[in-house]
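Protein chains in written order, with the numbering used here: chain A, 1 to 493; chain B, 1 to 472. Just so you know, even glycine gets a beta-carbon here, dropped at the ideal spot from N, CA and C. Every value quoted in this text rests on a predicted model; they were computed, and no experiment measured them.
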């Protein structure tokens, strides 16, 4: 392949954003803006699908590699995909596309700037998942903070300033230690190229500290208990599209980072710190599920449920079993779809009633039935009902966990029950019961674009729930190879 | 016979200063002419510097008391370009305050001359001469707006404290001279390898004097007051140009005369660096005046530059020079924005005056956004790369503590940069500012912002130029 397909994936949204920048932002007549943004994201989505089709599933080596000298003799711009990263790229382009369709309903002022921020964000997110050089990865990872800070701060709710600052500073604080680790890796091994580092390996005596430095960044971003507190704030205050991006993709960067860097580069340290990850994951699963149970704000509830689900993901990754890691990846993809869908469903009623409090609602099923059905589907997918993609992920993770550590697996399984409790209770309070709030009587059911977006999300959730093979086939070889590499590295040291 | 071509820039600029003075005295209402001529002089000097000296890897003149090498040429060029841009964007500001006189360009030119002498000095006496020439010009510049109390106060404060530090510096020089028997840097370098206590005092006095000039903590007290009181364009000059010269002298002192005394000064530099980074970050949080805030932020940035110097490697020095170059560009951009906050012949310099700027001036606020994130060191903007090189050099020497403290203080510093962004983007809008800015102001803002934004595409170019600098 000579055509730089990955670079064009990264660059295209930025070019679209530049176009938007030079169009005039007129109030009322902003169709051009929407079409430009929509067109860009559709094209990007199609390119990513093409990437998936032409992707060779039988090998675990990186494909579509592009390499260019960037800083002489120091850093190369290197991108490429393997089975693990390609799914995240598709998730990114897909979710961004839906976000751009959904802004029609929720964002009223400065639409052009909002779309520019989202498109630039898309560039950075795709960059994170393709980067095969630690410095390039860091660059994209950090750069994403800028548009997200603005999205929360400009278009967010009443406490947006506090949330935006908290989000930015928390993540930055975690990341600077990773920068120290990346530069140290350069001085230890002489390269920051991930592929070369996989071959070279890193001296055991440095691994623990380096692992902790990477962990500090990924743990904040995941977010793991006890550094999860920025997430509920950011979610609640961000506009719907912002919450969707945050939950569906930004959190996955950390899970992806754990698989690609923590496991791949520091096998010995990963083994050493597995108990730490297990403990934090189990606490996250149980503790944040309980917190979620007590929330009165719907967005906050879903935010806490995200923390719990990401707890499953980290648990699965560090089981170091084929099923566990595959389960984690599928859980991340599934959570990307489901949490996006849940935030959008909350967004739908928020746009109509301007309240996120559960107590405002009740008895929605009798006024907006279409909405209630889709909401039910997403709630069930979130709690991991068989037949939805959420089940596949959780099941595989727990299978991997049972192989590795029985006690942890048992406690984590309890989390599945708690997940069902808070989701069903939320659903019951919002959708069933008596219609007490007079304002709800005049509420409108889904309009065309909302219906379209939510069905777009429902389709893959159901499809992959019944037939997860396309996902598993894509990741299988890469994950098997990762585990092989991990165990050979362990054996040799 | 000495090769005087190498000194042509200095000779040319000093002759021009005398000529301009004379023509300013004899020709009435010649401020505009003087301004334009001075710009022309700086331009010519830059060209001469590039032509005559940039290819010289190292040459000494006048009994080795003046040295011309890559570092001196590169720093002179930045100094000249900085001076040129300051002069070019000052005129509308000065006209507003009725300060558009012939003295201003001439003072700037003389301080530039002083800095060029400093940059090239290889001898304690030559160095001191250059230092005093630039300082005297700067005292007057600080108090240039003499009708304003604050400006006079700034000038006086700067004068008193700077004279004190010059005194310390001179005392240190005399101690060093006493121990080495020479004022020449190379000779001193060969003579000094003992561990005498008194010699350490000499080093400390010199370092204190120099730290004062670059406003490193704990010798920074003058900076916020002087920056706030001076006319904005002079503040711009202060934050950019003298720092370049002082930094060069710092490098020269540490790595030529004191190169054998590494274990004695390294701790001092590390301390100055850590103190400046932390203090700059923390003290800036409470500021309400933009110029004061910039003063504290410049203290923080000097801390990062010193971190590169503390490594005692060529890479460290190069990273410091890259840092200061990128910092100069960011500062120029920031001050260009500040000079655009004008409404009905009044300039605004409180942070609150930026409130809601993005509604009325979307482009200006976008530039500010890029500049502030770059100052905070967020990728992919130029400021990130500046920090990246510094910490790469620092970590090469396994100075983990310095690196971690430095990076943590970037997080603290990010807070106050974010606060300004918050005020620009999230707060309620105020009245519109004037849009009729001079072409040069717009040019310097656009140019520097584009450099900041697109630096990541071609990061190698700057490194290529700077990597020719080898001091050790």
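Where the beta strand (DSSP E) containing residue i begins and where it ends
i	result
residue 67/B	66 to 69
residue 131/A	From DSSP, residue 131/A is part of no beta strand (DSSP E); its letter is neither H nor E.
residue 58/B	58 to 61
Contact under 9 angstroms by Cβ, residue i with residue j
i	j	result
residue 79/A	residue 100/A	no
residue 259/A	residue 84/A	yes
residue 418/B	residue 168/A	yes
residue 332/B	residue 230/B	no
residue 41/A	residue 4/A	no
residue 43/A	residue 20/A	no
residue 135/B	residue 127/B	no
residue 187/B	residue 181/B	yes
residue 128/A	residue 241/A	no
residue 233/B	residue 86/B	yes
residue 188/A	residue 135/A	no
residue 475/A	residue 329/A	yes
residue 352/B	residue 285/B	no
residue 345/A	residue 374/A	yes
residue 446/B	residue 335/B	no
residue 297/A	residue 352/A	no
residue 426/B	residue 154/A	yes
residue 329/B	residue 382/B	yes
Other residues of its chain near residue i: CB distance less than 6 angstroms, five sequence neighbours each side excluded
i	result
residue 429/A	358
residue 117/B	130
residue 273/B	303, 306, 307 and 310
residue 500/A	Residue 500/A lies beyond the range of chain A shown here (1 to 493); nothing can be said about it.
residue 295/A	301
residue 114/B	130, 133 and 134
residue 155/B	139, 142 and 143
residue 117/A	147, 150 and 151
In DSSP terms, what residue i is bridged to
i	result
residue 121/B	66/B
residue 347/B	342/B
residue 297/A	357/A
residue 71/A	75/A
residue 322/A	Partner(s): none; residue 322/A has no beta bridge.
residue 66/A	79/A
residue 193/A	133/A
residue 3/B	Answer by DSSP bridge pairing: none, since residue 3/B is not bridged.
residue 184/B	123/B
Sequence-distant residues of the same chain with beta carbon closer than 7 angstroms to residue i, five excluded per side
i	result
residue 70/B	57, 468 and 469
residue 496/A	No answer is possible for residue 496/A: it lies beyond the span of chain A, which begins at 1 and ends at 493.
residue 88/A	129, 252 and 256
Opening and closing residue of the alpha helix (DSSP H) in which residue i lies
i	result
residue 288/A	267 to 293
residue 378/A	369 to 383
residue 46/B	31 to 48
residue 267/B	262 to 283
residue 18/B	8 to 26
residue 292/B	290 to 309
residue 486/A	469 to 492
residue 202/B	197 to 213
residue 433/B	Here residue 433/B belongs to no alpha helix (DSSP H), and DSSP marks it neither H nor E.
residue 233/A	230 to 237
residue 213/A	204 to 221
residue 386/A	Counting along the chain, residue 386/A falls outside any alpha helix (DSSP H), and DSSP gives it neither H nor E.
residue 40/A	31 to 53
residue 255/A	251 to 257
residue 249/B	232 to 255
residue 358/B	357 to 360
residue 419/B	400 to 426
Cβ-based neighbour list, residue i, same chain, cut-off 8 angstroms, excluding 5 preceding and 5 following
i	result
residue 402/B	270, 273, 274, 307, 310 and 394
residue 260/B	189, 192 and 193
Mind listing, in chain order, the continuous alpha helix (DSSP H) runs of no fewer than 4 residues lying wholly within the segment 390 to 463 of chain A? Runs found: 406 to 431.
Complete alpha helix (DSSP H) runs within the segment 436 to 466 of chain B (minimum length 4 residues, chain order): Whole alpha helix (DSSP H) segments, 4+ residues: 439 to 454 and 460 to 466.
Would you list, in sequence order, the uninterrupted alpha helix (DSSP H) runs of no fewer than 4 residues that lie entirely inside the segment 62 to 117 of chain B? Listed in chain order, the complete alpha helix (DSSP H) runs (minimum 4 residues) inside the segment 62 to 117 of chain B are 70 to 96.
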